[in-house]
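Anchor point for the sequence shown: position 267 equals 540 in the working numbering, and the numbering is continuous, going up by one each time. Think of the CB as a built atom: it goes at the ideal place given N, C-alpha and C, for glycine as much as any other residue. Single-structure report; data block below.
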Amino acid sequence: MDVVIYHNPGCGTSRNTLALIRHAGIEPHVIDYQKCPPSKALLAQLIGRMGMAVRDVLRVKGTPYEALGLGDPKLTDDQLLDAMMAHPILINRPIVVSERGVALCRPSDMVLDLLPELPLADFVKDDGEICLRDSEAADRDAGMVAALQAEGLPTDDLTDPGRRFFVYRTLSGEIVGYAGHELYGPDAFLRSLVVLPAARGKGIGKAIIARLTRRAFDEGARTAWLMTTGAADFFEGIGFKRVERADAPKTILNTRQAQGLCPASAVVLKRAIRL
Ligand SMILES: CC(C)(COP(=O)(O)OP(=O)(O)OC[C@H]1O[C@@H](n2cnc3c(N)ncnc32)[C@H](O)[C@@H]1OP(=O)(O)O)[C@@H](O)C(=O)NCCC(=O)NCCS
C-alpha cells in the first residue's frame, strides 16, 4: 500500500505516526512539509478529503497564529490557506494519505484507520503510551456491561438513542477498556469510561479519552463534558476543569445520567476539544 505522510520530525505525534506506519510493515513517502509544503490547491484538496474545515487544520501552539490574528472568524478559507502557505508550520501535522483515505492523525493512532486491518504486535509510543485500536461496541456488549457494573457505573440507558460506545484493544487484540459519548451539537458528554483493572496505571485511560474526544470532534463536538463521583482527580490531571453544574448546557443537564443516574453530588468537568 502506498502511504504519504506530511511529517514534522520535531513533533512527537508525527514521529509516533511515522513509527506506527513502519510498524505495519509499510515504508511511506515522507514529506517534510516545512521544507517542501504542498501547493495551495493540493492542501485545499487534502483538507476537503479529510472532511474538515480549513480552520480545523490550523495549528495554534508554537506558530504565528496569534500574531497573525488568525482567530478572526471573518477570515475566509482562502485567506487561511494563504497564511498556511506563507508559514507552513501553521499546517497541523501529520496529514497521512493512503488508498483508504486522508486524515490528520492526532492522536497518532488515528493512522490505523488508514492502514490495512492487520493484527499487529503491540506498539508503545515514544512517551511510553500503549497504542490502542477502537471499534464500535455492540448493543449492551456483555463485557462492557460487566465492566461498568463492577464499577457501579450506570447501564440502564446504554441503548437509548444518540449514544455511541467503543471497545478499546491493544494492537494484539487484548481488550483494555470501554467508553462512550452522547453528542449535543458542539457539546460531547463523555461517559462510561472504564479501564479494566489489570490495565490501569499505564496511561490507557488518558489514551482512551484522547481517542474518544477525537471521534467526537469528527462528529462536530468542540467541548467535552463529563460527570464523575470518583475520578475527578484523574480528569483534572488530563486537563479537564471543574465547573458548576449550572454552567453545563441544558442538553447535558437533561441527560438521563445527569437527571438521575449520577448522584447530585457528582462533579461536572469540561475541556475544549482541540487537535
Ligand atoms: C479512572 C480510570 C479511568 C483511570 O484509568 P487509568 O488507565 O488507570 O489512568 P491512566 O493510567 O491513563 O492515568 C493518567 C494519569 O492520571 C493519573 N490517575 C489515574 N487514576 C487516577 C485517579 N483515580 N486519581 C488521580 N489521578 C489518577 C495517573 O497517575 C496518570 O498520571 P501521570 O500521567 O502523571 O502518570 C480507571 O481507574 C477506571 O476505570 N476507574 C473506574 C471507573 C471510573 O471511575 N470511570 C470514570 C467514570 S466517569
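About 7 Å separates the beta carbons of I364 and V330, which is inside the 8 Å limit, making them a contact pair. Bounds of the alpha helix (DSSP H) holding S287 are G285 to H296.
According to the DSSP assignment, R436 belongs to the beta strand (DSSP E) that extends over R436 to T443. Runs of the alpha helix (DSSP H) lying entirely within the stretch 332-377, each at least 4 residues long, are 350-359 in chain order.
Annotation for M358: P310 and K313 place their beta carbon closer than 7 Å to its own, counting only its chain and skipping 5 residues before and after. In the three-state reduction of the DSSP assignment, K543 falls in the strand class, which pools E and B. Looking from the CA of P361, the closest CA among A504, D351, V397 and Y306 belongs to Y306. For V467, same chain residues with a beta-carbon under 7 Å away, outside a window of 5 residues either side, are A420, L421, E424, L426, G450 and Y451 in chain order. Your pair M500 and V541 checks out as a contact, with CB atoms roughly 5 Å apart and the cut at 8 Å. Contact between L391 and A297 holds: CB atoms are separated by about 6 Å, below the 8 Å threshold. Taking the C-beta atoms as reference points, R373 is found no nearer than 8 Å to R487. Residue range K313 to M323 is occupied by the alpha helix (DSSP H) that includes A314. Checking the DSSP bridge columns, you'll see K523 has no partner listed. Beta bridge pairing from DSSP links T501 with V540.
Beta-bridge partners of K514 (DSSP): K543. With a cutoff of 8 Å on beta-carbon distance, A489 and I546 are scored as near each other. Sequence-distant partners of M323 (beyond 5 residues in either direction) whose C-beta falls short of 7 Å from its own C-beta, in its chain, are V375, A376 and L377. If you check the CB distance, D412 and T432 come in under 8 Å. Counting only residues of its own chain and dropping the five nearest sequence neighbours on each side, R495 has a CB closer than 6 Å to the CB of P459 and I546.
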